[in-house]
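Visitor: This is the structure, below, for whatever I ask next.
In the working numbering, the protein residues as written are -15 to 221.
See below:
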């Protein structure tokens, strides 16, 4: 098979391994390894990690295809949807699988993997990006993931939601919030929505116990106490 033809075939895969290459050229492993070496040397393919290769230099295109199941979330997803002007220096991936390497350096980008429990693994979709399929959290789930796993301060989440409230599906946010069933998360988003004139207390009150939680888990425990939501507003909403 000619090199140009081979590269065109490999371009159909965001990530490929030795097995895929071997099947593509219909040769044994030793010959396939030689082909890999030559393609890498000539910079026609790029090594992501051991036995993971790609033809693209776009980190976002390969990030959610390195391991399965997984999806892009946190700041990376929030930026993808233009809900913030901040440009993340990493691509953050959620997965239910354990990895020995929690970080990959690919080009000038660091890809970070966060392992979560299967019950939280939902609220993502497949998107077409750079001729590849990527898997990414929905806007609403990206916000909830960021707060649940404390990847973004809740003060910043308040600002993101406030500035983009017209682009957020509140019914979907509520559905996912209830599905997660984290009382602290429910209290924080309940009060935040209240301050944005979206009252969901009747729908969420069964999840509210007597224990007060800080609005922002990254700030000192000082501020007004909201009796209804059992939240200490250390953000100053």
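The beta carbon of each residue, even a glycine, is placed where N, CA and C say it ideally should be.
Please report the straight-line C-alpha distance between residue 152 and residue 30, rounded to a whole angstrom.
Guide: Here the question's residue 152 lines up with position 168 in the chain shown. Here the question's residue 30 lines up with position 46 in the chain shown. The straight-line gap from Cα to Cα measures roughly 37 Å.
Visitor: Which of helix, strand or coil does DSSP assign to residue 121?
Guide: Reading the chain shown from its first residue, position 137 is the one you call residue 121. Strand, per DSSP.
Visitor: Is it buried or exposed for residue 172, if we count other Cβ within 10 angstroms and need 16 for buried?
Guide: For the purposes of this step, residue 172 is taken as the residue at position 188 of the chain shown. Its Cβ being crowded by 16 or more others within 10 Å, residue 172 is buried.
Visitor: Going by the beta-carbon positions, is the gap between residue 97 and residue 77 smaller than 7 Å?
Guide: The residue given as residue 97 occupies position 113 in the chain shown. The residue given as residue 77 occupies position 93 in the chain shown. The criterion of a C-beta distance shorter than 7 Å is satisfied by residue 97 and residue 77.
Visitor: Suppose you measure from the CA of residue 102 to the CA of residue -14; what does that come to, to the nearest Å?
Guide: Mapped onto the chain shown, residue 102 falls at position 118. Mapped onto the chain shown, residue -14 falls at position 2. One C-alpha to the other measures close to 44 Å.
Visitor: Answer yes or no: do residue 119 and residue 55 have a C-beta to C-beta separation smaller than 7 Å?
Guide: Position 135 of the chain shown, counted from the first residue, corresponds to residue 119. Position 71 of the chain shown, counted from the first residue, corresponds to residue 55. For residue 119 and residue 55, yes; Cβs fall inside 7 Å.
Visitor: Below 7 Å between beta carbons: does that hold for residue 51 and residue 126?
Guide: Counted from its first residue, the chain shown places residue 51 at position 67. Counted from its first residue, the chain shown places residue 126 at position 142. Cβ atoms of residue 51 and residue 126: not closer than 7 Å.
Visitor: Using a Cβ-Cβ cutoff of less than 6 Å, which residues in the same chain neighbour residue 104 once the five nearest sequence positions on both sides are dropped?
Guide: Counting from 1 along the chain shown, the entry for residue 104 is found at position 120. Contacts found: none.
Visitor: Classify residue 43: buried if its beta carbon has 16 or more other beta carbons within 10 angstroms, exposed otherwise.
Guide: Translated into the one-based positions of the chain shown, residue 43 becomes position 59. So residue 43 ends up on the buried side.
Visitor: Taking the Cβ atom as the reference point for each residue, do residue 35 and residue 1 lie within a distance shorter than 7 Å?
Guide: On the chain shown, residue 35 is found 51 positions in, with the first residue counted as 1. On the chain shown, residue 1 is found 17 positions in, with the first residue counted as 1. Cβ atoms of residue 35 and residue 1: closer than 7 Å.
Visitor: So residue 169 and residue 131 are in contact, right, with Cβ under 8 Å, and what is the actual spacing, rounded?
Guide: The residue given as residue 169 occupies position 185 in the chain shown. The residue given as residue 131 occupies position 147 in the chain shown. Rounded to the nearest angstrom, the Cβ distance from residue 169 to residue 131 is 6 Å, consistent with a contact under 8 Å.
Visitor: Is the beta carbon of residue 72 closer than 7 Å to that of residue 60?
Guide: If you number the chain shown from 1, residue 60 lands on position 76. If you number the chain shown from 1, residue 72 lands on position 88. Yes, these two residues count as a Cβ contact at 7 Å.
Visitor: By DSSP, does residue 6 sit in helix, in strand, or in coil?
Guide: Here residue 6 corresponds to residue number 22 of the chain shown, with the count starting at 1. In the structure shown, the three-state DSSP call for residue 6 is helix.
Visitor: Within the continuous alpha helix (DSSP H) that includes residue 225, where are the two ends?
Guide: Outside the displayed range of the chain (-15 to 221) lies residue 225, so it cannot be described from this structure.
Visitor: Which runs of the alpha helix (DSSP H) at least 4 residues long sit entirely within the region -4 to 62? Give them in chain order.
Guide: Runs found: 2 to 9, 13 to 25, 43 to 47.
Visitor: Give the single residue among 19, 89, 26, 21 whose Cα lies nearest to the Cα of residue 47.
Guide: In the chain shown, the residue the question calls residue 47 occupies position 63. Minimum Cα distance to residue 47 is reached at 89.
Visitor: In this structure, does DSSP put residue 94 in helix, strand or coil?
Guide: Position 110 of the chain shown, counted from the start, is the residue given in the question as residue 94. For residue 94, the three-state secondary structure derived from DSSP is strand.
Visitor: Considering just the uninterrupted stretch of the alpha helix (DSSP H) at residue 185, what are its terminal residues?
Guide: The sequence position of residue 185 within the chain shown is 201, counting from 1. Here the alpha helix (DSSP H) through residue 185 covers 185 to 188.
Visitor: With burial defined as no fewer than 16 other Cβ atoms inside 10 Å of the residue's Cβ, what is the status of residue 123: buried or exposed?
Guide: Indexing the chain shown from 1 puts residue 123 at position 139. Burial call: buried.
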